[in-house]
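In this note's numbering, the protein residues as written are 2 to 128.
For glycine and all other residues, C-beta sits at the position ideal for the given N, C-alpha and C.
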(Lines of atoms letter the chains of each structure in order from A and count residues from 1; the text may use other names and numbers.)
(Lines give C-alpha, C1' and ligand atoms only; values in the text may rest on other atoms or scores of the structure.)
Protein backbone atom coordinates (compact mmCIF):
# COMPACT_ATOMS: atom_id res chain seq x y z
CA UNK A 1 0.00 0.00 0.00
CA UNK A 2 1.37 3.42 -0.92
CA UNK A 3 0.73 6.58 1.07
CA UNK A 4 0.91 9.98 -0.62
CA UNK A 5 1.34 13.25 1.27
CA UNK A 6 -1.16 15.87 0.07
CA UNK A 7 -0.43 19.55 -0.52
CA UNK A 8 -2.28 20.28 2.72
CA UNK A 9 0.04 17.86 4.55
CA UNK A 10 3.10 19.50 2.95
CA UNK A 11 1.98 22.93 4.15
CA UNK A 12 1.25 21.62 7.66
CA UNK A 13 4.68 19.98 7.85
CA UNK A 14 6.36 23.16 6.60
CA UNK A 15 4.54 25.21 9.22
CA UNK A 16 5.15 22.79 12.10
CA UNK A 17 8.75 21.94 11.39
CA UNK A 18 9.98 24.87 9.30
CA UNK A 19 11.06 22.49 6.56
CA UNK A 20 11.68 23.64 3.03
CA UNK A 21 10.29 21.22 0.49
CA UNK A 22 11.74 21.70 -2.98
CA UNK A 23 11.92 18.67 -5.23
CA UNK A 24 14.89 18.13 -7.53
CA UNK A 25 15.26 15.82 -10.49
CA UNK A 26 17.45 13.39 -8.53
CA UNK A 27 15.47 10.25 -7.76
CA UNK A 28 16.89 7.70 -5.35
CA UNK A 29 15.88 4.04 -5.12
CA UNK A 30 16.51 1.64 -2.25
CA UNK A 31 15.78 -2.08 -2.42
CA UNK A 32 16.37 -5.22 -0.35
CA UNK A 33 16.03 -8.95 -0.86
CA UNK A 34 14.20 -9.42 2.44
CA UNK A 35 12.47 -7.09 4.87
CA UNK A 36 15.34 -6.80 7.35
CA UNK A 37 17.93 -6.04 4.63
CA UNK A 38 15.49 -3.51 3.16
CA UNK A 39 15.08 -1.83 6.57
CA UNK A 40 18.85 -1.69 7.11
CA UNK A 41 19.44 -0.29 3.60
CA UNK A 42 16.89 2.48 4.20
CA UNK A 43 18.58 3.51 7.47
CA UNK A 44 22.09 3.42 6.03
CA UNK A 45 21.47 5.02 2.63
CA UNK A 46 19.33 7.95 3.78
CA UNK A 47 21.58 9.30 6.54
CA UNK A 48 22.05 13.08 6.32
CA UNK A 49 20.36 13.35 2.91
CA UNK A 50 18.24 16.33 1.88
CA UNK A 51 15.01 14.51 1.06
CA UNK A 52 11.77 15.96 -0.29
CA UNK A 53 9.65 14.46 2.47
CA UNK A 54 6.54 14.54 0.29
CA UNK A 55 8.15 12.29 -2.30
CA UNK A 56 8.80 8.86 -0.72
CA UNK A 57 6.86 6.03 -2.32
CA UNK A 58 7.24 2.63 -0.71
CA UNK A 59 6.12 -0.80 -1.87
CA UNK A 60 6.88 -3.10 1.02
CA UNK A 61 5.76 -6.25 -0.79
CA UNK A 62 8.33 -5.58 -3.56
CA UNK A 63 10.88 -4.05 -1.12
CA UNK A 64 11.29 -0.80 -3.09
CA UNK A 65 11.53 2.76 -1.77
CA UNK A 66 11.89 5.72 -4.13
CA UNK A 67 12.24 9.38 -3.18
CA UNK A 68 13.61 12.67 -4.50
CA UNK A 69 16.46 14.69 -3.13
CA UNK A 70 15.66 18.35 -2.44
CA UNK A 71 18.44 20.92 -2.65
CA UNK A 72 16.95 23.31 -0.11
CA UNK A 73 15.53 20.77 2.34
CA UNK A 74 16.67 20.27 5.90
CA UNK A 75 18.80 17.10 5.98
CA UNK A 76 17.18 14.16 7.71
CA UNK A 77 19.17 12.23 10.27
CA UNK A 78 17.79 9.16 8.48
CA UNK A 79 14.65 7.45 7.25
CA UNK A 80 13.56 4.49 9.35
CA UNK A 81 11.16 1.68 8.54
CA UNK A 82 9.22 0.04 11.38
CA UNK A 83 6.82 -2.87 11.13
CA UNK A 84 4.84 -5.30 13.25
CA UNK A 85 6.00 -8.83 14.00
CA UNK A 86 4.49 -11.75 12.03
CA UNK A 87 3.05 -13.25 15.22
CA UNK A 88 1.43 -9.95 16.27
CA UNK A 89 0.44 -8.13 13.05
CA UNK A 90 -2.04 -5.75 14.69
CA UNK A 91 0.44 -4.22 17.14
CA UNK A 92 3.42 -2.32 15.70
CA UNK A 93 5.60 -2.10 18.81
CA UNK A 94 8.61 -0.85 16.82
CA UNK A 95 6.46 1.99 15.41
CA UNK A 96 5.47 3.02 18.93
CA UNK A 97 9.09 2.80 20.13
CA UNK A 98 10.32 5.13 17.37
CA UNK A 99 7.59 7.65 18.17
CA UNK A 100 8.27 7.59 21.91
CA UNK A 101 12.06 7.75 21.65
CA UNK A 102 12.14 10.51 19.02
CA UNK A 103 9.07 12.62 19.80
CA UNK A 104 8.58 15.51 17.37
CA UNK A 105 11.81 14.61 15.57
CA UNK A 106 9.99 11.64 13.97
CA UNK A 107 7.58 12.37 11.12
CA UNK A 108 5.49 9.56 9.61
CA UNK A 109 5.95 9.70 5.83
CA UNK A 110 4.07 6.54 4.91
CA UNK A 111 2.06 3.83 6.60
CA UNK A 112 0.10 0.81 5.53
CA UNK A 113 -0.42 -2.92 5.59
CA UNK A 114 1.68 -5.70 4.03
CA UNK A 115 2.10 -9.49 4.26
CA UNK A 116 -0.79 -11.02 6.21
CA UNK A 117 -2.12 -7.70 7.58
CA UNK A 118 1.16 -6.60 9.20
CA UNK A 119 1.39 -2.85 9.83
CA UNK A 120 4.30 -0.61 8.83
CA UNK A 121 5.36 3.02 9.06
CA UNK A 122 8.16 4.90 7.32
CA UNK A 123 9.62 7.71 9.45
CA UNK A 124 11.86 10.68 8.75
CA UNK A 125 14.01 11.28 11.82
CA UNK A 126 15.55 14.73 12.28
CA UNK A 127 18.45 15.81 14.50
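Outcome for residue i when other beta-carbon atoms lying within 10 angstroms are tallied against a minimum of 16
i: residue 86; result: exposed
i: residue 28; result: exposed
i: residue 88; result: exposed
i: residue 98; result: exposed
i: residue 45; result: exposed
i: residue 73; result: exposed
Spatial distance of residue i from residue j (CA atoms)
i: residue 33; j: residue 9; result: 32 angstroms
i: residue 54; j: residue 103; result: 17 angstroms
i: residue 30; j: residue 105; result: 26 angstroms
i: residue 118; j: residue 52; result: 29 angstroms
i: residue 77; j: residue 101; result: 18 angstroms
i: residue 107; j: residue 37; result: 20 angstroms
i: residue 59; j: residue 49; result: 19 angstroms
i: residue 81; j: residue 115; result: 17 angstroms
i: residue 111; j: residue 71; result: 18 angstroms
i: residue 113; j: residue 47; result: 21 angstroms
i: residue 127; j: residue 61; result: 23 angstroms
Rounded Cβ spacing between residue i and residue j (contact assumed at less than 8 angstroms)
i: residue 121; j: residue 84; result: 4 angstroms
Limits of the unbroken alpha helix (DSSP H) element including residue i
i: residue 41; result: 36-46
i: residue 100; result: 94-103
Extent of the continuous beta strand (DSSP E) to which residue i belongs
i: residue 85; result: Counting along the chain, residue 85 falls outside any beta strand (DSSP E), and DSSP gives it neither H nor E.
Notebook entry, point to check: Counting pairs of Cβ atoms below 8 angstroms between the region 88-105 and the region 59-76, do you hit three or more?
Noted result: no
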